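Numbering (this note's numbering), first residue to last: 960 to 1490.
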């Protein structure tokens, strides 16, 4: 049988399986069920999908159905019992086939709904009886309805098949984006076309949400995380969705909401990892949950809690790397865990400990970046390490060393930002580099150079903040850039200019502090502005 038999063949088969009775008794519920089962089994979609299957159990069931159909047509004895047995076998065949073929499952679901609709009403049952009795004109409206259902089913299958091809290309585009050859906006467009055609695949929404977040489209990212949650099929999927939602909430300044999302993900990860400590995927999921919880604890000022979370993250990362030193994902995780511990040590004033942690992270990242210079994630990680080292060097009074570290970070950030102007994460990285360089120039007495550098920082911060006023990280960056410019203006005795800059910073910080009085960073920023 061809992949798609003519629609009228299906109608002929439907008429054949319904021709066993022309009386009112044949329209009873049990017989209606048998008629629906027969129609689904005889549908071209079922037969085409069955032809592609090699499963021995399905083939055996199909042979049994053929034998039962012969008995129904040839035996008058126990006809009702045979039809019931046949219906059960046909229903089982369709259900088993749907489990093995997702596209068929969605296609036949549409067809099933139409056939059940026809058989479930007295008018529909009467029209089918008329058709079987030879009154095809009277049954024409029913056949038209069935034709529309077939068109919808075929369209759905075509959409799913088209999405499968586009999905493969979109995932290839993700790899190209990682290498800096494809922009974030291009990758977004590709995944948007995929989910438009086939919105039921969980990881499509996860990837699209991450891309939206990189582009600063936090509203779209939050909606994508909601759609991902709707299509989650496993507990692990659910934990991933909670991480994605938490990441958006952090950027929107909703720390309490983010912590709640991350803790839910952590509970799932702990439950999955506990029975099977040897499952490295679940161990890694657990480590990522600890990292996310720690990140929020830092922002909330809970340094002791954050350090405890980060040390759990570090412990898992070290065990995984010891198990397979060649796994670059685990190496990268280990570098991040060292970095997070170093961040807390800096805040606690343990500069020697922080420098040691940062150098461990840098050592791993140097190796990874040298291994694949085209991997933009690894290049970005390395720039972050140079910034971290520079921060500690500044606190230790090593301005020459700090300037050298910051310049290395700036060089990487400029190259990445130039490759993908739509990647807001990379644009922000560049603004941070300008801020750091300006700070050192101020300490070295180069006020003109510092002001020029800070204005570059301000230019990027203004563009990002205008792009998404709801992104609290970008709003805070903008307030800091105004403050830095104001600091130099004050030192240069441009008091009017300094006051204007400080008032712009104060306006932003007033808004942020009122939005979340529990955010200690924002409260401290506000106090600095008043000073």
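Even glycine gets a Cβ: it sits at the ideal position worked out from N, Cα and C. Since the structure is predicted, the reported quantities are computational estimates derived from the model, not experimental observations.
Closest to residue i by C-alpha separation, out of the options, would be which residue?
i: residue 1320; options: 1251, 1373 and 1346; result: 1346
i: residue 1003; options: 1407, 1071 and 1255; result: 1071
i: residue 1030; options: 1018, 1021 and 1045; result: 1045
i: residue 1441; options: 1134, 1465, 1307 and 1157; result: 1465
i: residue 1247; options: 1260, 1215, 1213 and 1203; result: 1203
i: residue 1185; options: 1210, 1025, 1026 and 1164; result: 1164
i: residue 1066; options: 1110, 1026 and 1043; result: 1110
i: residue 1325; options: 1062, 1017, 1283 and 1344; result: 1344
i: residue 1424; options: 1211, 1288, 1039 and 993; result: 1211
i: residue 991; options: 1367, 1227, 1077 and 1329; result: 1077
i: residue 1349; options: 1336, 1146 and 1397; result: 1397
i: residue 1013; options: 1190, 1195, 1055 and 1298; result: 1055
i: residue 989; options: 1128, 1040 and 1286; result: 1040
i: residue 1074; options: 1481, 1043 and 995; result: 995
i: residue 1149; options: 1062, 1135, 1370 and 1125; result: 1125
i: residue 1408; options: 998, 1443, 1433 and 1421; result: 1443
i: residue 1354; options: 1228, 1336 and 1306; result: 1306
i: residue 1328; options: 1376, 1317 and 1341; result: 1341
i: residue 1010; options: 1414, 1300 and 1063; result: 1063
i: residue 926; options: 1274, 1304, 1302 and 1303; result: Outside the shown range of the chain (960 to 1490) lies residue 926, about which nothing can therefore be said.
i: residue 1366; options: 1379, 1356 and 1388; result: 1388
i: residue 1277; options: 1296, 1266, 1268 and 1264; result: 1296
i: residue 1226; options: 1207, 1238 and 1195; result: 1195
i: residue 1162; options: 1127, 1266, 1135 and 1138; result: 1127
i: residue 1437; options: 1453, 1454, 1452 and 1419; result: 1419
i: residue 1270; options: 1286, 1281, 1303 and 1244; result: 1303
i: residue 1266; options: 1294, 1299, 1413 and 1287; result: 1299
i: residue 1293; options: 1312, 1309, 1317 and 1206; result: 1317
i: residue 1240; options: 1279, 1138, 1217 and 1112; result: 1279
i: residue 1134; options: 1026, 1308, 1333 and 1458; result: 1333
i: residue 1433; options: 1209, 1005, 1486 and 1375; result: 1209
I need the boundaries of the alpha helix (DSSP H) containing residue i, first residue and last residue.
i: residue 1347; result: 1335-1354
i: residue 1285; result: Careful: residue 1285 lies outside any alpha helix (DSSP H) and carries neither H nor E.
i: residue 1326; result: 1310-1330
i: residue 1197; result: 1194-1210
i: residue 1400; result: 1383-1402
i: residue 1040; result: 1038-1059
i: residue 1169; result: 1161-1173
i: residue 1364; result: 1358-1378
i: residue 1002; result: Careful: residue 1002 lies outside any alpha helix (DSSP H) and carries neither H nor E.
i: residue 1429; result: Residue 1429 -> no alpha helix (DSSP H), and no H or E assigned at all.
i: residue 1016; result: 1015-1033
i: residue 1191; result: Counting along the chain, residue 1191 falls outside any alpha helix (DSSP H), and DSSP gives it neither H nor E.
i: residue 1484; result: 1479-1489
i: residue 1474; result: 1454-1474
- Task: Report yes or no: do three or more beta-carbon pairs, one from the region 1214-1225 and one from the region 1250-1257, lie closer than 8 angstroms?
- Result: At 8 angstroms Cβ cutoff, the stretches touch.
- Message: Quick check: the region 1143-1158 against the region 1115-1122, are at least 3 beta-carbon pairs closer than 8 angstroms?
- Response: Contact between the region 1115-1122 and the region 1143-1158 is established, with three or more Cβ pairs separated by less than 8 angstroms.
- Which runs of the alpha helix (DSSP H), 4 residues or longer, sit entirely within the region 1230-1307? Complete alpha helix (DSSP H) runs here, min 4: 1239-1258, 1262-1282 and 1287-1306.
- Does the count of Cβ pairs from the region 1374-1394 and the region 1171-1189 closer than 8 angstroms reach three? Contact holds between the region 1374-1394 and the region 1171-1189, because three or more Cβ pairs, one in each stretch, are under 8 angstroms apart.
- Item | Cβ contact (3+ pairs, closer than 8 angstroms) linking the region 1137-1155 and the region 1103-1113 | The region 1137-1155 vs the region 1103-1113: no contact.
- Three or more C-beta pairs closer than 8 angstroms, one from the region 1192-1211 and one from the region 1448-1456: is that the case here? Remark: fewer than three beta-carbon pairs, one from each stretch, lie closer than 8 angstroms, so the region 1192-1211 and the region 1448-1456 are not flagged as touching.
- Task: Taking 8 angstroms as the threshold, find out whether the region 1362-1373 comes into contact with the region 1394-1414 through three or more Cβ pairs.
- Result: With the cut-off at 8 angstroms, the region 1362-1373 and the region 1394-1414 touch.
- Task: Evaluate the contact criterion for the region 1226-1235 versus the region 1258-1273: three or more CB pairs, one atom per stretch, below 8 angstroms.
- Result: With a cut-off of 8 angstroms, the region 1258-1273 and the region 1226-1235 do not count as touching, because too few Cβ pairs lie within range.
- Item | Segments assigned alpha helix (DSSP H), at least 4 residues, entirely inside the region 1097-1160 | Runs found: 1099-1137 and 1143-1156.
- Task: Determine contact between the region 1041-1055 and the region 1006-1023, defined as no fewer than three beta-carbon pairs at a distance below 8 angstroms.
- Result: The way I'd put it, the region 1041-1055 does touch the region 1006-1023; three or more beta-carbon pairs between them come closer than 8 angstroms.
- Item | contact_flag[the region 1176-1195, the region 1418-1438] where n(CB pairs < 8 angstroms) is 3 or more | Verdict: yes, contact present.
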